[in-house]
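Using the numbering used here, you'd call the opening residue of the sequence shown number 3 and step up by one each time. Even glycine gets a Cβ: it sits at the ideal position worked out from N, Cα and C.
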Amino acid sequence: MKKKKYIAILASGSGTNARRLIQYFRTHPEGEVALLVSNKPDAPVLGMARNEGVESRVIDREGFYQSRELLPHFRERGIDLIALAGFLWKVPDYLVEAYEGRMLNIHPALLPDFGGKGMYGMHVHRAVKAAGHDQSGMTIHLVNARYDEGQILYQASCTLSPSDTPEDIARKVQQLEHRYYPPVVAQLLPFIPNT
Ligand code: GAR
């Protein structure tokens, strides 16, 4: 029998995408969310992972950037793929290299527009509103060494009306994220060699 692929999620916030991933893969034959990592000890995503019965770990800056403690932990847990889900720290080069082609990010806009440093969460939706665009959407892409610039795997868009507030835009985009992130991760799994 083929070995399941193990997924680690990195998240900093409320964790609605992380929850969708966990629930989607609970019954999936090819993948499973084995670990959730957060850089914020008080992030709601940690409580969510506990409720869902998923192992979690909090990482500090020293451990993430200097002593590189995640790598050996990922190896021990047999992590095959990393999914960023609202993770707000820049991923260091050593981790990008170790998981090249196996690390995904979801961004709440249609990249390359509204991406880059400082463009996250509601900042993105306020910028879209200020620009007066009549559509927004979400982008799922591979992670490389530069913010939001890795190869795009999938995009979905939604129509905006002039009366939409940034909060309305956030809701529309979040619906797309929840719908598409899990299946896009799943589609990548067969292409990842077993570790
Ligand atoms: C998501 O909308 C995700 O696209 C965004 O953070 C939100 C996390 O929400 N990521 C970025 O802005 C990265 N630049 P969640 O915690 O409810 O999943």
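Pro198: beta carbon under 6 Å from a heavy atom of the ligand GAR?
Because the chain here runs from 3 to 197, residue 198 falls outside it and cannot be looked at.
Between Thr167 and the ligand GAR, is there a pair consisting of the residue's CB and a ligand heavy atom that are separated by less than 6 Å?
Here residue 167 corresponds to residue number 165 of the sequence shown, with the count starting at 1. For the ligand GAR, not one heavy atom lies less than 6 Å from the Cβ of Thr167.
For Glu64, count neighbouring Cβ atoms within 10 angstroms of its own Cβ and tell me buried if that reaches 16, exposed if not.
On the sequence shown, position 62 is the one that residue 64 refers to. When all chains shown are included, Glu64 counts as exposed.
Using only the heavy atoms of the ligand GAR, determine whether one of them is closer than 6 Å to the beta carbon of Ser138.
By one-based count along the sequence shown, residue 138 stands at place 136. Flag unset: Cβ of Ser138 not near the ligand GAR.
From this set, Gln68, Val47, Asp150, which residue's C-alpha is nearest Thr59's C-alpha?
The sequence position of residue 59 within the sequence shown is 57, counting from 1. Strictly speaking, residue 59 in this sequence is Arg, with Thr absent from that position. Shortest Cα-Cα distance from Arg59 to any of Gln68, Val47, Asp150 involves Val47.
Entirely enclosed alpha helix (DSSP H) segments - the region 94-130, minimum 4 residues:
If only uninterrupted alpha helix (DSSP H) runs of at least 4 residues are considered, those enclosed by the region 94-130 are 95-100.
Any 3 or more C-beta pairs closer than 8 Å across the region 85-101 and the region 130-139:
Taking 8 Å as the limit for Cβ pairs, the verdict is that the region 130-139 does not touch the region 85-101.
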